[in-house]
Amino acid sequence: MAKNLVIVESPSKAKTIEKYLGRNYKVIASLGHVRDLPKSQMGIDFENNYQPKYISIRGKGDVIKGLKKEAKKADRVYLAADPDREGEAIAWHLSYLLDLDPNDKNRVVFNEITKDAVKNAFKEPRSIDMNLVDAQQARRVLDRIVGYSISPILWKKVKKGLSAGRVQSIALKLILDREKEIKAFKPEEYWTIDSEFKKSRQKFKSSFYGLKGKKTALPNNQAVQDILKQIDKSADFDITKVVKRERKRYPAAPFTTSSMQQEANRRLNFKTRKTMMIAQQLYEGINLGGKEGTVGLITYMRTDSTRISTVAKHETSEFIHQEYGEAFAAVKMHKTKNPEGAQDAHEAIRPSSVMRTPKSLADVLTKDQMKLYNLIWSRFVASQMTPAVMDTMSVTIMQNEVTFRANGSKTKFPGFMKLYVQTGDESKDSELPDLQEGDKVQLTKTDPAQHFTQPPARYTEASLVKALEENGVGRPSTYAPTIDTIQRRYYVRLNGRSFEPTELGEIVDELIEEFFPDIVNVDFTAQLENELDGIEDGGQQWMKVVDQYYQPFSKEIEQAETKMEKVQIKDEPAGFDCDICGAPMVVKMGRYGKFYACSRFPDCRNTKAITKEIGVVCPKCHDGQVLERKSKKNRIFYGCSNYPECDFVSWDKPVGRDCPVCKHYLVDKKVKGGHQILCPNGDYEEQLQK
């Protein structure tokens, strides 16, 4: 019988750790939290310093019973939950349920699930850190107070099923504020003149810069024509200035949670929730087979630090020397600065061993696991490589006081760019001929073009995470659930990859902004996050922080209860009658968006999804029409109007033509850079449409 019991959160993590510890240890999983606030009531004792009334989570009875049984048999119990506030709180709740002394040195933490890291952690167990527990407890209590105070008011005044929270309200406000900016935006006209010059037979591109060497705007076509009249196309232009420089480009820092979520969204089109789910799998362990067995492939994935251990740096330097050569291995590491307010509790996200290359894991990882692991591995290794060196050239070209400028660059030494370049930082080399001051060049082409200034872009998941981080709202563990919540409540919807607020979202935001201004005040929420960090550091008392927040908030609740007017979300006429009872159909707002319903509800419960014909006959039954529909997660798909008799379904839009090779129906697929008509079987594709 094992003398030592180790409790972790997940079964996959338990298997990995048990293999490393040997037969004197039994490792079991608590399956996440075991105690929490009750769902049916507030669960906060306001008369007794906001003490939480924790209960065992419903459905966890058998798990808790099993944990107690195993704990009684063991000589010693270790609590090895995740190394963050949430994990510390889980360990504290377990110590309470299992009647362990929280002052005992039974808490074990490790940043990566590898043999050495786990064994070293068990050599230095510590007692439960109550500062971490209190910081998590303060967040949980505050979130419960906000959610369970505002949500019932929204249910009464707007509709059932709504919710409000500290971080989700800020996220919603950011999206709505951006939408207001877009609607208020007035485009302004401007023009450019792109041109082509040649020296001897070598041609190169340039753009109009200004007059007399000073930058000049081109607000309209008349300004363009005035410039073109000033140019003598039959005469040469003079090269008046040539500036050559050598410029270094430094690699991006290793991933934090936020930067990983952003890059995975931009590069892999992963939602934040999917990114965190796959990262959790890579952290907890993947079975590599053979002697290695199950191994954690990356370090802990909830972090706001770019710090790297000395051991990892040395191993990576050795790998770069072997794989790429001495010239690519950074001699002196480029210093990276942690984001402002970062807790720096853990290292950056990196592979647990850089020697496990993505190529070596091709047979054991799923397609999505491989994509994310490759991204983490490449970003980390590149961060330890030398800068890229670019030769740049800037050329000023003049005639009759009209100035053009040409810029060129050439990669002299690729450095880290041989392996990885962050999205948006791709190098677009454009070589110029060997030009010298005093040279003469000829103008071969001018291409005036009209443009209009563009409004700010709507938030994507990546840019919303970035905005929340920059504003100091939320922490690494909160971004994914926050984005998930505002979509599930139908406050926002994804249009392509961008967030659009819904009518319901606008109503909720307006009410919260009017009656609970502090909730949607970015500075106020960021300050609260800093105070939660202060509790973790031991400089603040959690009950005082909660009290400072609750006292003014309770007065706002009283005001809202009496002064908030009931909002009537009116049903829109659908324009046709119910096919069951003949009453007019209306458009209602539901949990997953708008739908058709009978106006006699609840007497008649006839409902229909709102669909749109795309003008294509079903390629399966050749009778029904293909309809554009939306899934419960608001993702567009295409199905037959004869469903359920015909079960045709496609995520990509059918175009009404067959593949000339295999006769399968062709689809319009969204790809990077535009749309492409192709055959799902891979037998045929047409030119990319921008």
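Numbered according to UniProt numbering, the sequence shown spans residues 1 to 690. Ideal Cβ placement from N, Cα and C applies to all residues, glycine included. Quantities reported herein were computed from a predicted structural model and do not represent experimental measurements.
When only Cα atoms are considered, D533 and A135 end up about 7 Å apart.
No beta strand (DSSP E) of 3 residues or more sits fully in the stretch 296-321. Under the three-state reduction of DSSP, P219 is assigned to coil, being neither helix nor strand. In this structure, the beta-carbon distance from I486 to G505 falls below 9 Å.
Straight across, the Cα-Cα distance linking R497 with R266 is about 10 Å.
The residue among V77, M564, E315 with its C-alpha nearest the C-alpha of M385 is E315. The Cβ atoms of I376 and F255 sit closer than 9 Å to each other. Contact between E179 and P501 holds: CB atoms are separated by about 5 Å, below the 8 Å threshold. Comparing alpha-carbon positions, the option among E469, A74, A406 lying closest to V27 turns out to be A74. Sixteen is the threshold: when 16 or more other Cβ atoms of the shown chains lie within 10 Å of the Cβ of F416, as they do, the residue is buried. Between the alpha carbons of V546 and I44 lies a distance of about 11 Å. Here the C-alpha atom of L443 lies approximately 49 Å from the C-alpha atom of N471. An exposed status is given to S234, since fewer than 16 other beta-carbon atoms sit within 10 Å of its beta-carbon. Residue pairing by DSSP puts E613 in a beta bridge opposite L627. Setting aside the 5 residues that flank it on each side, N681 is surrounded in the same chain by C662, H664, each with a C-beta closer than 6 Å to its C-beta; the list follows chain order.
Here K608 has Y596 as same chain residues with Cβ atoms under 6 Å from its own Cβ, once five neighbours each way along the sequence are excluded.
Per DSSP, reduced to three states, the secondary structure at N606 is coil, with no helix or strand assignment. Bounds of the alpha helix (DSSP H) holding S95 are 85-97. Proximity of the stretch 292-308 to the stretch 350-361 meets the contact definition, three or more beta-carbon pairs being nearer than 8 Å. Three or more Cβ pairs drawn from the stretch 388-408 and the stretch 235-242 lie within less than 8 Å of each other, which places the two stretches in contact. By the criterion of at least three beta-carbon pairs nearer than 8 Å, the stretch 167-176 is not in contact with the stretch 569-585. Here DSSP, grouped into helix, strand and coil, assigns K53 to coil. Excluding residues up to 5 positions away in sequence, Q540, V545 lie with their Cβ nearer than 7 Å to the Cβ of E531 in the same chain. Of F237, A164, V146, E47, the smallest CA-CA separation from G438 is found for F237.
Here I308 is buried: its Cβ has 16 or more other Cβ atoms, across all protein chains shown, within 10 Å. Looking from the CA of L97, the closest CA among A89, K68, A80, V109 belongs to K68. About 5 Å separates the beta carbon of L5 from that of V77, a gap short enough to meet the 8 Å contact definition. Comparing alpha-carbon positions, the option among G59, Y190, T411, S12 lying closest to P448 turns out to be Y190. Under the three-pair Cβ rule at 8 Å, the stretch 146-163 counts as touching the stretch 507-517.
Bridge pairing for S430: S409 [DSSP]. Between Q225 and the set I182, K159, E326, T192, the nearest pair of CA atoms involves T192. Taking D683 as the centre and dropping the five residues before and after it, the same chain places the C-beta of C659, V661, C662 closer than 7 Å to its C-beta, in chain order.
Annotation for S498: the continuous beta strand (DSSP E) segment containing it runs 498-501. One alpha carbon belongs to Q625, the other to F576, and they sit about 19 Å apart.
Every alpha helix (DSSP H) of 4 residues or more that sits fully in the stretch 207-263 is shown, in chain order, as 221-230. For the 9 Å CB-CB criterion, I150 and A138 do not form a contact.
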